[in-house]
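K.L.:
Can you keep this structure in mind? I'll have questions shortly.
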Amino acid sequence: MTISKLLRSFTRFGRSVNFRYCKEASKTLVTSASTRGSPAAAVVGDAIKEFQYCARNMSTESKETPQTSQPTQTEERGKCIFCKICDGVQPTNIVYQDEEFVVFPDMRPAAPHHYLILTRHHYVDAKSLKKEHIPMVEKMVLIGKEVLTAQGGSPETARMGFHWPPFHSISHLHLHVIAPENEMGFIARGAFMTGSFWFVSPETVIQRLQGKL
Numbered sequence: 001m002t003i004s005k006l007l008r009s010f011t012r013f014g015r016s017v018n019f020r021y022c023k024e025a026s027k028t029l030v031t032s033a034s035t036r037g038s039p040a041a042a043v044v045g046d047a048i049k050e051f052q053y054c055a056r057n058m059s060t061e062s063k064e065t066p067q068t069s070q071p072t073q074t075e076e077r078g079k080c081i082f083c084k085i086c087d088g089v090q091p092t093n094i095v096y097q098d099e100e101f102v103v104f105p106d107m108r109p110a111a112p113h114h115y116l117i118l119t120r121h122h123y124v125d126a127k128s129l130k131k132e133h134i135p136m137v138e139k140m141v142l143i144g145k146e147v148l149t150a151q152g153g154s155p156e157t158a159r160m161g162f163h164w165p166p167f168h169s170i171s172h173l174h175l176h177v178i179a180p181e182n183e184m185g186f187i188a189r190g191a192f193m194t195g196s197f198w199f200v201s202p203e204t205v206i207q208r209l210q211g212k213l
């Protein structure tokens, strides 16, 4: 399979699941691989493996249907998998928790260390936050660094960020903490590409809440 065929495969998959950023993301990644002179076979093998990972994590969003009314916090908690984890209803490997936050490993890690920092309160996503939530975002980053260090990782090699709607797979605010970023897979680097229109850093979220963006 050639690079051009691989790109066409990405594009077809993107259309089939309404994965709207797929085409541009795959263009960026494949062009980058070609520029570096990566062997086509290696690019294809890594891409297929990692794109499957990416699709499982991200395509859920395309299946969501618009809601006609704003659900209450209680209604959200009853159907949200992350709320169930925070409430102790859904078991998982929690590595940190306090009155405001819960942290556990991502079930499909993009690197040796990949943790999700959840708020116990059900916020839909980073876009729904307001200026008064800036300290909360800052605390999520601090907890992410502390958890990463406690688990043997290094904050200096980490990539942190939020998927921007509509590209989040679960509608409950969560910060991705991934390290080391140089061990992220081919497509995972695109799915968690800081500065893209689908994945933004905590700093970008804070600047937006401050009205600087």
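Residue 1 is where the sequence shown starts when you use UniProt numbering, and the numbers rise one by one after that. Just so you know, even glycine gets a beta-carbon here, dropped at the ideal spot from N, CA and C.
Identify which residue in Cys-83, Arg-120, Pro-135, Ile-187 has its Cα closest to the Cα of Glu-203.
P.N.:
Pro-135
K.L.:
Ignoring anything shorter than 4 residues or poking outside the stretch 99 to 176, list the alpha helix (DSSP H) runs there in chain order.
P.N.:
Entirely contained in the stretch 99 to 176, the alpha helix (DSSP H) runs reaching 4 residues are, in chain order, 134 to 150.
K.L.:
What distance in whole Å lies between the Cβ atoms of Trp-164 and Ala-126, which are believed to be in contact at a cut-off of 8 Å?
P.N.:
The beta-carbon distance between Ala-126 and Trp-164, rounded to whole angstroms, is 7 Å. This is short enough to meet the 8 Å contact definition.
K.L.:
Let me know the beta strand (DSSP E) ranges lying completely inside the stretch 173 to 208, each 3 residues or longer, listed in chain order.
P.N.:
174 to 179
K.L.:
How about His-113 and Gly-161: do their beta carbons lie closer than 9 Å?
P.N.:
no
K.L.:
So, at 6 Å on beta carbons, what are the nonlocal neighbours of Asp-106 in its own chain, with the 5 sequence-adjacent residues on each side left out?
P.N.:
His-114, Leu-116
K.L.:
Identify the residues that DSSP records as bridge partners of Gln-90: which are they?
P.N.:
Gln-90 pairs with nothing; no bridge assigned.
K.L.:
Sorted by chain position, which residues of the same chain lie with C-beta nearer than 8 Å to Glu-132's C-beta, five sequence neighbours on each side aside?
P.N.:
none
K.L.:
By Cβ distance below 6 Å, which residues in the same chain neighbour Lys-145 in space, the five residues on each side in sequence not counted?
P.N.:
Pro-155
K.L.:
Are the CB atoms of residue 292 and Phe-82 nearer to each other than 9 Å?
P.N.:
Here the chain covers residues 1 to 213 and nothing more, so residue 292 does not appear.
K.L.:
Which residues does DSSP pair with Gln-210 in a beta bridge?
P.N.:
DSSP output for Gln-210 lists no bridge partner at all.
K.L.:
By the three-class DSSP mapping on this structure, what secondary structure does Tyr-21 have?
P.N.:
Its pLDDT being 44, under 50, Tyr-21 is placed unreliably in this model, and the value from its coordinates should be taken loosely. Coil.
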